[in-house]
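Colleague: Under the numbering used here, the sequence shown has 21 at position 20, and the numbering climbs by one with no breaks.
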Amino acid sequence: MTSQNLPTVAAGFIIYRKVENQPEYLFLQTSYGRHHWTPPKGHVDPGESEFETALRETEEEAGIKREQMKVEEDFQRTLHYTVQGKPKRVVYWLSELSNPDDPIKLSDEHKDFQWQKLDKACELAQFSDMVSLLKEVDTYLESKS
């Protein structure tokens, strides 16, 4: 396998908060390209685990630190897709923002953020694999409540 065929690897969190006992999902709007909406995520740096990347990127992009989240250790999913003709693999963990009122502090990589319930979050997500993942997350959270 040539390096061109190796997937780019990224990692992040699907972050939710409970508002009136309903989950709302955090999406960030990129300040580049088509200004698409995505959960906080980023590329894995050399020597870094995927989980460490997810934590670092979430803090860099949204200002949310590890101690502000309750990570659902048993929920991890991987999406595979192609970006500009190259394979990409993104690993997501699920976490709840402990204090739903904690502020989001965007980096210059993003220009806006929204907390949205499932239907609107799926509209923001646009990509079918992310929509499927959000629906799976929502079902998982319902089963736990």
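Note that CB positions come from ideal geometry on N, CA and C, so glycine has one too.
Is Y141 helix, strand or coil when you go by DSSP?
Modeller: DSSP places Y141 in helix when its eight states are reduced to three.
Colleague: According to DSSP, simplified to helix, strand and coil, what is F128?
Modeller: Correct three-state label for F128: coil.
Colleague: Quick one: using the 10 Å Cβ neighbour count with 16 as the cut-off for buried, is G48 buried or exposed?
Modeller: The residue in question, G48, is exposed, as its Cβ has fewer than 16 Cβ neighbours within 10 Å.
Colleague: Identify, in the order they occur along the chain, each residue of the same chain with its Cβ nearer than 6 angstroms to the Cβ of L142, setting aside the five sequence neighbours on each side.
Modeller: Answer for L142: P24, listed in chain order.
Colleague: Taking Y93 and P40 to be in contact with their CB atoms under 8 angstroms, please state how far apart those CB atoms are, rounded to whole angstroms.
Modeller: Right, their Cβ atoms sit about 7 angstroms apart.
Colleague: For L119, collect the residues of the same chain with a Cβ closer than 8 angstroms to its Cβ; drop the 5 residues on either side in sequence, then sort them by chain order.
Modeller: For L119, where only same-chain residues beyond five positions count, the Cβ hits under 8 angstroms are P24, Y26, L135, K136, D139.
Colleague: Any heavy atom of the ligand ZN closer than 7 angstroms to the CB of E74?
Modeller: The ligand ZN is absent from the structure shown, which contains no ligands of any kind.
Colleague: What is the rounded straight-line gap between the Cα of F14 and the Cα of P104?
Modeller: Distance between the alpha carbons of F14 and P104: 17 angstroms.
Colleague: Where does the unbroken beta strand (DSSP E) through E74 begin, and where does it stop?
Modeller: Run containing E74: 70-84, per the beta strand (DSSP E) assignment.
Colleague: For H44, write down the residues that DSSP places opposite it in a beta bridge.
Modeller: BP columns for H44 point to A11.
Colleague: Run through DSSP, which three-state label would S133 get?
Modeller: It is helical.
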